[in-house]
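Going by the numbering used here, the letters in the sequence shown line up with residues 28 to 640, in that order.
Virtual Cβ for every residue (Gly too), placed ideally from N, Cα, C.
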Amino acid sequence: MHALPLVLVAACCLAIAYRYYSAFLATKALVLDAERPTPAHTLYDGQNYVPTNRWVLFGHHFAAITGAGPLIGPVLAAQFGFLPGFLWLVIGVCLAGAVHDFVILASSVRSGGRSLAELALAEISPRAYFVSALAILFVVVIALAGLGLAVVNALHDSAWGAFTIGMSIPIAFGMGLYMYRFRKGKIGEATALGVVLLLACVVLGRVVSEHPTLAPLFTLDKLQVTMAMAAYGFIASVLPVWMLLCPRDYLSSFMKVGTILFLAVGVVIVNPQLHMPAITPFIHGGGPIVPGTVFPFLFITIACGAISGFHALVGSGTTPKMIDKETDTRMIGYGSMLMEGFVGVIALIAASALHPGDYFAINVAPEQFAALGYAPVNLAGLEAQVGESLAGRTGGAVSLAVGMAQIFTALPGMRGLMSYWYHFAIMFEALFILTTIDTGTRVSRFLVQEFGGRLWKPLGRVDWLPGTLLSTALIVAGWTYFILTGSITTIWPMFGIANQLLAALALAIGTTILVNAGRARYAWTTAVPMAFVAVTTLTAGFLSVRNNFLPMTRLPDPGKVVQGWINSTLTIVMMVCVIFVLVEAVIAWRHAPRRRAERAAEAAAAARGATAA
């Protein structure tokens, strides 16, 4: 089969969903009002609460939510064949993922920019708040580790990639100063300058990688890449949002959207054959990449492209504090998630265009690959064209970059540029991931300060520098530990479980918000995906603990024993937390009429008091 029919089907489904289903949600379920003041105006502070142009904010939000998930997940899930992943991406993003993002973003904006945990406190119960905050902290640390590991596996021992990604940071910093200080409001100038400089760095990267003096400076091992990424995450989380985070995400969004659209055009023109079959024997289990059967493990392997709980943290973290008009949440919440689903489809196609022998040779350790019975087809030639070793580069990032580069070089006039396109694709993937690392760390810092502020008030002040530094350091140390001690076969399943459990939790909160607001007739829009995601993820969590994590505790390696116990414990704790919140949410639905009456009475009393005054 060729790729073009899949692209056309996906594009049509996403366009129809945005035109009709998002409009239904905006007018009926959420009842958006463009005249209602947003927190960016009512709580303006010039640092976190800042009214932002919706296109710039779309870029920031899309860059923040679109990490490794829609790239790596579909690539790893290609183990099952291209059809299961394609169906889950298209159906899941329209009916679950985009709904999840839209509802949480709009609800946070309407409630003053509250975090997901604070929404649980206001809409469900204090117990749900405590448990949600605990679960979110675990989820974020594991999610950032899963995303960061893909960067480490792609950039280590690659001077070209490390130089290009490293230079994107000062470029974004300069863009922030240009847009907000030197040439305020000149977004177009800053954008053009930033994109040109970033593309120049891709070309200069080859010169650096071949220079005898410069190449060693940018050739980093896995530990060095991890430490550099930790330093970046710490600094980006502490600096004001306009200085590095927002311009870097905005710049990254241009590269992301532009590359995906160009890749989609390339797929249409080249129309590559999908060498990966529609369904492989690994749907029944026994695969070397995803440790389980297609149900339920497909639904935790492809997380972000279909639905992602991590998005609820962005949608109740940085983004709602910058929304200019309430109606902007439709484009930014629902629209950006549809774009991410399309990213996942294109990534799946790029990976499926590889021959199965090459796909598994790249994504599986050499000793495992030898036992699979596959033979590489074009691997030696691909390595010669790329100029780097590709075998055993697990994690999905490298195989995706190779697949993308193959499509690009098949375009007219692109022949012989395989090495450039491969390293451009690596930069593209790393930009995806690092923008999630910086935003995720910042959102987590807010949560730690919010949670810690209940124990010690100064810690809850986001403008108190010692509290900011301490909370950021705790989060960075957590995800760095998991990157250094884990592997793709242990971290990615944990990431998928954590991410989807958080999505189920967020959908439970969203359903409760609709019920409490008197719009229970539309609560099915969040309740149905909540039930599906909860069932599949809890099942996958149980099987992962039983079949993957607990067996590690019986290995002779002490490090694996410790890791097995940590993975098992964290997974069980997260599952229990989410089940607890789901039960609390159901109880809240039963008491919703009484809560509405109490809120109406409080509002009436406040109105009478204001009139008397």
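Secondary structure at Gln74: coil, using DSSP grouped into helix, strand and coil.
In this structure, Ala437 is the residue among Ser343, His302, Ala398 and Ala437 with its C-alpha nearest to the C-alpha of Val292. For Thr79, the pairing in a beta bridge is given by DSSP as Ile350. DSSP, read as helix, strand or coil, puts His302 in coil.
By the CB criterion at 8 Å, Gly173 and Gly371 fall outside the cutoff. Contact between the region 417-433 and the region 332-352 is not established, with fewer than three Cβ pairs separated by less than 8 Å. Residue state for His618 is assigned as coil, using DSSP reduced to three classes.
With at least 16 other beta carbons inside 10 angstroms of its own, Leu409 counts as buried.
Leu461 and Val178 do touch by the CB rule: their CB atoms are close to 7 Å apart, below 8 Å. By the CB criterion at 8 Å, Leu474 and Ala160 fall inside the cutoff. Pairing Phe451 with Val229 gives a Cβ-Cβ distance under 8 Å. In this structure, the beta-carbon distance from Val36 to Leu365 does not fall below 8 Å.
In the structure shown, the three-state DSSP call for His29 is strand. For the pair of segments examined, the region 560-568 was found to touch the region 523-537: the number of CB pairs separated by less than 8 Å reaches three.
Considering only Ile510, Met194 and Thr538, the residue with the shortest C-alpha distance to Ile614 is Thr538. Phe113 places its beta carbon 8 Å or farther from that of Ile359.
Of the other Cβ atoms in all chains shown, 16 or more fall within 10 Å of the Cβ of His88; this residue is therefore buried. Taking each of Leu103, Ser343, Phe369 and Gly319 in turn and checking the Cα distance to Val284, the smallest one comes out for Phe369. By the criterion of at least three beta-carbon pairs nearer than 8 Å, the region 538-549 is in contact with the region 55-63. Straight across, the Cα-Cα distance linking Ala533 with Glu629 is about 27 Å. Burial check for Val102: the Cβ neighbour count within 10 Å reaches 16 or more, so the residue is buried. The residues Tyr401, Ala402, Pro403 and Val404, in chain order, have a CB closer than 6 Å to that of Gly384 in the same chain once the five nearest residues on each side in sequence are set aside. The continuous stretches of alpha helix (DSSP H) do not include Tyr549, and DSSP gives it neither H nor E. Within the same chain, Cβ atoms closer than 8 Å to the Cβ of Ser152 are found at Glu611, Ile614 and Ala615, the five residues on either side in sequence being excluded. Taken in chain order, the whole alpha helix (DSSP H) runs of length 4 or more contained in the region 150-187 are 153-182. Comparing C-alpha distances from Arg154 to each of Arg617, Ile606, Glu415 and Val166 shows the shortest one belongs to Ile606. Annotation for Lys587: Met579 place their beta carbon closer than 6 Å to its own, counting only its chain and skipping 5 residues before and after. According to the DSSP assignment, Gly100 belongs to the alpha helix (DSSP H) that extends over Gly96 to Ala104. Taking a C-beta distance under 8 Å as the contact criterion, Phe107 and Leu381 do not qualify as a contact pair. Here the region 240-259 lies against the region 181-197, with 3 or more beta-carbon pairs under 8 Å apart. Sequence-distant Cβ neighbours of Glu150 in its own chain, meaning closer than 8 Å and more than five residues away, are Ile536, Thr539, Ile540, Asn543 and Ala615. The C-alpha of Gln300 is placed about 33 Å away from the C-alpha of Pro556. Excluding residues up to 5 positions away in sequence, Ala535 lie with their Cβ nearer than 6 Å to the Cβ of Leu609 in the same chain.
In this structure, Arg63 and Glu353 form a Cβ contact; the two beta carbons are roughly 5 Å apart against a cut-off of 8 Å. Of the residues assessed, Arg137 falls on the buried side of the cut-off, its CB having 16 or more other CB atoms within 10 angstroms.
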